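**Student:** Heads up: the protein sequence lines correspond to chains A and B, in order. Numbered continuously in full-length UniProt numbering, the first sequence closes out at residue 89. Numbered continuously in full-length UniProt numbering, the second sequence closes out at residue 404.
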Amino acid sequence: MQTDDPAVAEIVEFISGEVGVDSSLLTPETPVSELGISSLDLIETIFKLESRFGIEIPNDGPLNGNDVTVGTLVAHVAELLAAQKAKLA
Amino acid sequence: MTARVAITGLGSLSALGNDVAAHLAGLRAGTVGIGETQGVDVSTMKTKISAEVRGFTPEEHFEPRQLGLIDRTSQFAVVVARQALADAGPALEGVARHRAGAIFAASVGFHAVDDSYHKLYADKAPRPHPFTVPRAMPSGQVSHITMDLGIHGPAFSIASACSSASHAIGTAFHMIRSGMLDVAVSGGAESQLTYGMLKSWEALRVLAPNGCHPFSKDRAGLVIGEGGGAVVLENMDRAIARGATIHGELIGFGMSADGMDITAPDMASAADSMRFALEDAGLAPEQVDYVSAHGTATVLNDKTETAALRHVFGDHLTRLPVSSSKSQYGHTMNASGALDMVTTVLALREGFLPPTMGFNEFDPECDIDCVPNAARNAPIEVAISSSFAFGGLNAVLALRRYNG
Chain A
1 MQTDDPAVAE IVEFISGEVG VDSSLLTPET PVSELGISSL DLIETIFKLE SRFGIEIPND
61 GPLNGNDVTV GTLVAHVAEL LAAQKAKLA
Chain B
1 MTARVAITGL GSLSALGNDV AAHLAGLRAG TVGIGETQGV DVSTMKTKIS AEVRGFTPEE
61 HFEPRQLGLI DRTSQFAVVV ARQALADAGP ALEGVARHRA GAIFAASVGF HAVDDSYHKL
121 YADKAPRPHP FTVPRAMPSG QVSHITMDLG IHGPAFSIAS ACSSASHAIG TAFHMIRSGM
181 LDVAVSGGAE SQLTYGMLKS WEALRVLAPN GCHPFSKDRA GLVIGEGGGA VVLENMDRAI
241 ARGATIHGEL IGFGMSADGM DITAPDMASA ADSMRFALED AGLAPEQVDY VSAHGTATVL
301 NDKTETAALR HVFGDHLTRL PVSSSKSQYG HTMNASGALD MVTTVLALRE GFLPPTMGFN
361 EFDPECDIDC VPNAARNAPI EVAISSSFAF GGLNAVLALR RYNG
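1. Report the neighbours of Asp60 of chain A on chain B: residues whose CB is nearer than 9 Å to its CB, in chain order.
2. Going along chain A in order, which residues have a C-beta closer than 9 Å to the C-beta of Ala264 of chain B?
3. To the nearest angstrom, report how far apart Leu18 of chain A and Ala307 of chain B are at their CA atoms.
4. With a cut-off of 8 Å, does the C-beta of Leu204 of chain B fall near any C-beta of chain A?
5. Measuring alpha carbon to alpha carbon, tell me which of B:His174, B:Met137, B:Gly26, B:Phe390 ends up nearest His294 of chain B.
6. Which residue comes first and which comes last in the beta strand (DSSP E) that contains Ile384 of chain B?
7. Look at the alpha carbon of Gln83 of chain B and the alpha carbon of Cys366 of chain B, and state the distance between them as a whole number of angstroms.
8. Measuring only between beta-carbons, confirm whether Ile43 of chain A sits less than 8 Å from chain B.
9. Do you know how far the Cα of Ser269 of chain B is from the Cα of Gln287 of chain B?
10. Is Gly187 of chain B helix, strand or coil by DSSP?
11. In the DSSP assignment, find the beta strand (DSSP E) that holds Leu283 of chain B and state where it starts and stops.
12. Which of the three DSSP states, helix, strand or coil, is assigned to Phe276 of chain B?
13. Contact between the region 149 to 159 of chain B and the region 98 to 112 of chain B: three or more CB pairs below 8 Å?
14. So what does DSSP say about Thr45 of chain A, is it helix, strand or coil?
15. Using DSSP's beta-bridge definition, name the partner residues of His311 of chain B.
16. Pull up the distance between the alpha-carbon of Thr27 of chain A and that of Gly36 of chain A, whole angstroms please.
17. Among the candidates B:Ala6, B:His23, B:Asn18, B:Tyr195, whose CA atom is the shortest distance from the CA of Asp340 of chain B?
18. Cα separation between Pro134 of chain B and Val12 of chain A?
19. I want to verify the contact list: residues of chain B whose CB lies under 8 Å from the CB of Phe47 of chain A, in sequence order.
20. Could you please give the first and the last residue of the uninterrupted beta strand (DSSP E) stretch that includes Phe104 of chain B?
21. Here's the rule: buried if 16 or more other CB atoms are within 10 angstroms of the residue's CB, otherwise exposed. What is Arg205 of chain B?
22. Output the distance between the C-alpha atoms of Ala29 of chain B and Asp19 of chain B, rounded to the nearest integer angstrom.
23. How would you write the range of the alpha helix (DSSP H) that Leu67 of chain B sits in, first residue to last?
24. Under 8 Å Cβ to Cβ from Asp237 of chain B, same chain only, skipping five residues before and after it: list those, please.
25. In whole angstroms, give me the CA-to-CA distance for His61 of chain B and Gly227 of chain B.
26. Alpha carbons only, please: which of B:Thr171, B:Leu67, B:His167, B:Gly225 is nearest the one belonging to Glu52 of chain B?
27. From Thr298 of chain B to His118 of chain B, what does the alpha carbon distance come to, in whole angstroms?
28. Do the CB positions of Gly33 of chain B and Tyr329 of chain B come within less than 8 Å of each other?
29. In this structure, how does DSSP classify Arg400 of chain B when only helix, strand and coil are distinguished?
30. Please state whether DSSP places Phe156 of chain B in a helix, a strand or coil.
31. Taking just the CA atoms, how far does Arg177 of chain B sit from Gln38 of chain B?
32. Using 10 angstroms around the beta-carbon of Met147 of chain B, count the other beta-carbons present and answer buried if the total reaches 16, otherwise exposed.
33. Below 8 Å on the Cβ atoms is my guess for Val322 of chain B versus Pro285 of chain B; work out the distance and round it to an integer in Å.
34. So Thr8 of chain B is in the alpha helix (DSSP H); what residue range does that whole segment cover?
35. Under 6 Å Cβ to Cβ from Val396 of chain B, same chain only, skipping five residues before and after it: list those, please.
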């Protein structure tokens with residue numbers, strides 16, 4: 001997934017490492033299920049993202065479904081990170 | 001030669017009430033036992049609801065000396081087993097020691113684990129409560145039942161997550177049908193309503209925030225419940241000979257394993273377990289009048305279960321009521337198969353269909369008659385009760401109304 005935003009790049013890199021998929025394959029339109037990430041894997045990845053970035057990803061947000069794309073996942077985490085930074089600033 | 005198996009005793013404890021009479025009244029009235037959790041501090045949790053057993057005073061049932069040794073889960077198990085045996089009358093009288101058994105769900109004593117580990121890790125206590133081990137062990141409930149009721153034959157616990165109690169009852173059924181036992185007390189209890197387990201379920205992202213809505217388009221997950229259910233199963237000839245009140249007949253048991261995924265259910269395998277139960281009972285699909293569904297109210301379970309029902313029952317499904325009592329007493333985990341069995345026996349005996357409460361909106365992926373929001377009278381003769389557990393372990397019981 002190409003990006004100029006270092007925060008987004010860091011998220012993509014982390015997800016790539018966690019799920020064992022080369023970051024070049026992580027395009028925004030790709031459903032995570034097509035990367036071999038089951039709904040259970042996604043729950044664990046969300047948990048690891050929470051721990052890594054010190055954020056809380058709500059249960060009732062955009063990641064609560066069976067058709068989550070890489071773009072939705074990354075954008076949601078980036079949004080929560082930005083909100084957290086704004087709160088701390 | 002196989003024996004017929006009578007159900008001669010019932011016991012229950014759940015968010016619907018603390019005995020079978022309250023359970024029956026709750027089913028008929030469409031009572032929803034789900035509410036704000038009182039027994040656990042849920043202030044740090046998103047999900048604040050559960051289906052708790054209320055008004056249960058352990059001191060009314062146990063001596064102070066016993067209480068330190070019995071986890072809440074085992075307390076429920078002993079109380080429902082006592083109820084079932086009291087209901088069955090002198091079922092154990094004159095039975096050889098090796099021909100009366102107790103088969104129950106295997107449930108960890110989570111309250112013991114939670115309390116003791118909290119003291120160790122958070123309070124830095126030098127040692128946990130000395131009875132943490134006997135309170136926590138998953139066979140605790142069946143051991144306490146054998147001590148309490150005086151059962152000395154085959155007794156053990158079965159673990160298959162949310163199918164545990166159904167596998168236990170089905171196994172007891174096999175043991176009587178094959179002639180090995182004359183009488184068995186069977187069922188299951190569980191309370192996972194601890195801080196640690198509620199947080200763990202929340203982390204798995206399967207809990208509904210606002211309520212339990214099985215088969216409804218707006219369903220959003222399960223609601224944790226606690227409780228216990230028990231039955232006395234007995235050789236039919238013996239039950240008739242001693243003039244027992246027979247609540248119903250257990251006529252079939254089907255099992256299957258998905259062999260697929262540790263949480264997601266598999267349609268074909270769920271269908272297999274229902275089909276095997278019918279085959280075991282010698283039933284054609286058209287003979288079934290009611291299904292007590294697993295119906296957890298997760299998006300995935302309910303649509304998979306509907307597809308499995310369609311697969312087994314075909315066009316008959318349009319005339320076959322299917323309801324989920326989890327909408328009333330929550331998902332009681334290892335107890336759920338036993339409570340659903342009690343529910344199904346009552347439905348057959350009393351001639352009514354327990355409702356699916358909390359139904360708001362039709363979902364084309366759950367196109368069944370789920371008996372929405374109110375019980376209905378119906379003279380039903382045959383029913384099945386389904387349990388489809390995490391890890392793909394399925395158990396389905398087939399029952400028939402007893403007409404004398």
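Heads up, the beta-carbon is just placed ideally off N, CA and C, and yes, glycines get one too. Nothing here was measured: the structure is a model prediction, and the numbers come from that model.
**Tutor:** Checking against the coordinates, here is how it stands:
1. Lys46, Pro209, Ala220
2. Ser38, Ser39, Leu40
3. Checking the sequence shown, residue 18 of chain A turns out to be Glu, not Leu. Answer to the nearest angstrom: the Cα atoms are 34 Å apart.
4. yes
5. B:Phe390
6. 382 to 388
7. 36 Å
8. yes
9. 21 Å
10. strand
11. Taken as a continuous stretch (DSSP letters only), Leu283 of chain B belongs to no beta strand (DSSP E), as it is neither H nor E.
12. helix
13. yes
14. helix
15. In DSSP, His311 of chain B forms no bridge with anything.
16. 14 Å
17. B:His23
18. 48 Å
19. Ala203
20. 100 to 105
21. buried
22. 15 Å
23. 64 to 67
24. Ala3, Arg4
25. 15 Å
26. B:Gly225
27. 31 Å
28. yes
29. strand
30. strand
31. 43 Å
32. exposed
33. With 8 Å as the limit, Val322 of chain B and Pro285 of chain B do not qualify as a contact, their Cβ atoms being about 13 Å apart.
34. Careful: Thr8 of chain B lies outside any alpha helix (DSSP H), inside the beta strand (DSSP E) at 5 to 13.
35. Gly254, Ser273, Met274, Ala277, Ile384, Ser386
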